[in-house]
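Down below is the structure, laid out as C-alpha cells.
Chains as they are written, first to last, in the working numbering: chain A, 15 to 251; chain B, 183 to 461.
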C-alpha cells in the first residue's frame, strides 16, 4: 500500500506529476475540440434544416461519413493523411523539406469532426422542437434573420440541445484516450509508460480509469449547473 | 349564371409555384454538393485505379480476414453482454439498496471510463495478479489478447445494454404487470413472456446504435495486437507506407456500418408494423 502511494506521489520518486500533466493534456484536448465541434455541428444542423435539397444532402453526407467511421480510423486518416498531403505540397517548393503534423492538432481535428457530426443531430432535434411561430414572431418585430437566430432561437436551442450535448461531451472526454495511440502524451499514455517502467500495470491503469471517472463526475456536476442556468428563465413547476 | 362557369375546385390547376431565385443558401448548397460529388468521383477513380495494384493483390485477403475477426468479436461480445445485462438491469431496478447500488456502480464505472483504458486495465493490468490467476487456473484466459478483448468488450457493452434494457422495461405501462397478475401469472412468467418482448421492441433502436458503436469501438483491439480489420490495416500501412491502406479500411467500415444501419431500419419497420396506425 505504501509502495503504491510512493509510486503515485509527486516528485522524483513517483509518477504523480507525469500523470497530472497527462490529465491536463487530456482535459485541454477535450476543451480545445469542443468549440470547433460545436460551431461546425451547429452549421451542419443549420444546413440540415435548410429549404434547399442540395444543402440538406451535403450535410447528411457529412454526418453519415463521420458517424460511420471508427474514431480511431478518423484519427489515423487525419494524422497520416494530412501529413502526406502537406509533405507533397511542401516538396513542390523544397524537395528536401519534411513536415511533421502535431499530434495534438491532429487529435483535435479528428475529435472535432466526430463530435460535430453527432452534435449536428443534437442541434437538429432541438431545431425541430422550436415552433415556426418563434421565427415569425421575430420577423414580425422587425428583427433580421441573423438577429432572430441569435436573440430568439439560440437561447431556446441551447436549452433543448443541452442534455444531448452533455452526453456528447462525456463521450468526447473518453475518446481523447485514443490520441495516446498517435503518441500524444495524455493521461493514458503516461499511465502506460509508468506501468511499463514500474511493472505495476494494474495500479497505473486503475488510477487512469479512476481519473477519467472523476473527470466524468466533475463534468456531470458542471453540466447540471449549466442546465440550471439555461433554465433560469423558466417558471418553476 | 356565373356560378356555372366556375370549374369544380378540385379540377382547378394550382397556381404555379413562385420561381425560386438563386439565393445565397441555394448557391452554397450546390457548391457544397458539387464538392462532395467531385471528391466522391476522385475517390472512386482512385479506388478503381488501385483495384489491381500490388497493394490490393497482396493484402485483400487479410482485409477480409480482419473484417471477419471484427464481426466475430462484436457478435460474441454483444451476445455475451446481452446475457450479462439482464441480471444487471434486474439488480439496478431492485428494491434492495445494496443490489441496486452495486449495479449502479458497475454501470457508472464502465460508462464513465474510456473503453481503451478498460481494455488496458484488463489485458495489461490483470497481469499484476499473475500468481493468483495461475493458482486458480485462469491465467490462460487473461494471458490471451483475444479473450481479454472479448471479456472487456462484454463487460463494457453489458453496462450500456443494462441501461437500455432498464429504460425499456420502465417504459412499459404498469397496467401490463397488473393485467398479468390478475390473470394469475407469476412474476417470472410475466417478465419473460409479457414485459420483455414489448420492452425489446422499444429498445430496438438503442440496441442498433449500441451495435454500431461496438463495431466502431472494436477498432481499438488492434492496439493490443489483435488482427481485426483495423489491425490488418495498420500492419499493411506500416509495411507498405501506402496511404490506400486506410482508404480501403474506411470504405469497408463505412459499408459495414451503413449496411447494418439500413438492415436494422428495415428490421425495425417490420417488427413495429403492428404499432403504426394506418393513415
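A virtual CB, placed ideally from N, CA and C, is assigned to each residue, including glycine.
With burial defined as no fewer than 16 other Cβ atoms inside 10 Å of the residue's Cβ, what is the status of residue i: buried or exposed?
i, result
"residue 150 of chain A", "exposed"
"residue 332 of chain B", "buried"
"residue 211 of chain A", "exposed"
"residue 245 of chain A", "exposed"
"residue 238 of chain A", "exposed"
"residue 241 of chain B", "buried"
"residue 356 of chain B", "exposed"
"residue 106 of chain A", "exposed"
"residue 381 of chain B", "buried"
"residue 435 of chain B", "buried"
"residue 121 of chain A", "buried"
"residue 188 of chain A", "buried"
"residue 453 of chain B", "exposed"
"residue 353 of chain B", "exposed"
"residue 410 of chain B", "buried"
"residue 278 of chain B", "exposed"
"residue 430 of chain B", "buried"
"residue 296 of chain B", "buried"
"residue 102 of chain A", "exposed"
"residue 214 of chain A", "buried"
"residue 348 of chain B", "buried"
"residue 408 of chain B", "buried"
"residue 20 of chain A", "exposed"
If you draw a straight line from the C-alpha of residue i to the C-alpha of residue j, how long is it?
i, j, result
"residue 112 of chain A", "residue 97 of chain A", "9 angstroms"
"residue 443 of chain B", "residue 77 of chain A", "14 angstroms"
"residue 524 of chain B", "residue 391 of chain B", "Outside the shown range of chain B, which is 183 to 461, sits residue 524 of chain B, and nothing can be said about it."
"residue 176 of chain A", "residue 87 of chain A", "28 angstroms"
"residue 258 of chain B", "residue 397 of chain B", "12 angstroms"
"residue 235 of chain A", "residue 363 of chain B", "41 angstroms"
"residue 183 of chain B", "residue 203 of chain B", "Here the model assigns residue 183 of chain B a pLDDT of 47, short of 50, so the residue's position is not dependable, and the following value carries that caveat. The alpha-carbon atoms of residue 183 of chain B and residue 203 of chain B are separated by roughly 41 angstroms."
"residue 404 of chain B", "residue 416 of chain B", "8 angstroms"
"residue 17 of chain A", "residue 83 of chain A", "43 angstroms"
"residue 393 of chain B", "residue 200 of chain B", "46 angstroms"
"residue 446 of chain B", "residue 171 of chain A", "30 angstroms"
"residue 179 of chain A", "residue 399 of chain B", "20 angstroms"
"residue 330 of chain B", "residue 230 of chain B", "39 angstroms"
"residue 459 of chain B", "residue 440 of chain B", "28 angstroms"
"residue 248 of chain A", "residue 168 of chain A", "15 angstroms"
"residue 449 of chain B", "residue 91 of chain A", "32 angstroms"
"residue 418 of chain B", "residue 322 of chain B", "29 angstroms"
"residue 378 of chain B", "residue 27 of chain A", "55 angstroms"
"residue 451 of chain B", "residue 385 of chain B", "13 angstroms"
"residue 337 of chain B", "residue 205 of chain B", "53 angstroms"
"residue 100 of chain A", "residue 146 of chain A", "46 angstroms"
"residue 422 of chain B", "residue 108 of chain A", "24 angstroms"
Hey, residue i and residue j are a contact pair by Cβ (cut 8 angstroms); roughly how many whole angstroms apart?
i, j, result
"residue 128 of chain A", "residue 85 of chain A", "5 angstroms"
"residue 340 of chain B", "residue 270 of chain B", "6 angstroms"
"residue 30 of chain A", "residue 204 of chain A", "Not really, about 10 angstroms apart at Cβ, beyond 8 angstroms."
"residue 215 of chain B", "residue 68 of chain A", "4 angstroms"
"residue 282 of chain B", "residue 276 of chain B", "5 angstroms"
"residue 148 of chain A", "residue 123 of chain A", "Rounded, the Cβ-Cβ distance is 34 angstroms, inconsistent with contact."
"residue 406 of chain B", "residue 327 of chain B", "5 angstroms"
"residue 427 of chain B", "residue 412 of chain B", "That pair is no contact at about 10 angstroms."
"residue 284 of chain B", "residue 273 of chain B", "7 angstroms"
"residue 133 of chain A", "residue 182 of chain A", "6 angstroms"
"residue 245 of chain B", "residue 414 of chain B", "6 angstroms"
"residue 131 of chain A", "residue 80 of chain A", "4 angstroms"
"residue 191 of chain A", "residue 32 of chain A", "Contact doesn't hold; Cβ gap of about 16 angstroms is too wide."
Where the stretch 326-355 of chain B meets chain A: residues whose CB sits under 8 angstroms from a CB there: none
Members of the stretch 198-216 of chain A that neighbour chain B once the beta carbon cut-off is set at 9 angstroms: 201, 202, 205, 206, 209, 210, 213, 214, 215 and 216
Within 7 angstroms of chain B by C-beta, residues of the stretch 80-101 of chain A in sequence order: 82, 83, 84, 85, 86, 87, 90, 91, 94, 95 and 98
Under 8 angstroms (Cβ pairs) to chain A, residues found in the stretch 294-318 of chain B: 294, 295, 296, 297, 298, 299, 300, 302, 303, 306, 307, 308, 309, 310 and 311
Selection of the stretch 417-447 of chain B by Cβ proximity to chain A, strictly under 7 angstroms: Result list: 425, 428, 431, 432, 435, 436, 439 and 440.
Touching by the beta-carbon criterion (3+ pairs, under 8 angstroms), the stretch 128-148 of chain A and the stretch 55-75 of chain A: yes
Residues within the stretch 41-70 of chain A neighbouring chain B, beta-carbon criterion of under 7 angstroms: 64, 66, 68 and 69
Touch test, the stretch 32-46 of chain A against the stretch 194-201 of chain A, Cβ-Cβ under 8 angstroms, three pairs minimum: A contact exists between the stretch 32-46 of chain A and the stretch 194-201 of chain A.
The stretch 291-300 of chain B contacting the stretch 223-231 of chain A, beta-carbon criterion three pairs below 8 angstroms: The stretch 291-300 of chain B is in contact with the stretch 223-231 of chain A.
Segment contact flag, the stretch 216-223 of chain A with the stretch 43-58 of chain A, C-beta cutoff 8 angstroms, min 3 pairs: no
Under 8 angstroms (Cβ pairs) to chain A, residues found in the stretch 253-283 of chain B: none
Three or more C-beta pairs below 8 angstroms linking the stretch 364-383 of chain B and the stretch 304-317 of chain B: no
Proximal residues, the stretch 384-405 of chain B versus chain A, C-beta separation under 9 angstroms: 394, 397, 398, 399, 400, 401, 402, 404 and 405
Residues from the stretch 225-245 of chain A in contact with chain B, defined by Cβ distance under 8 angstroms: 226, 227, 230 and 231
Within 7 angstroms of chain A by C-beta, residues of the stretch 225-242 of chain B in sequence order: none
Residues within the stretch 169-189 of chain A neighbouring chain B, beta-carbon criterion of under 8 angstroms: 184, 188 and 189
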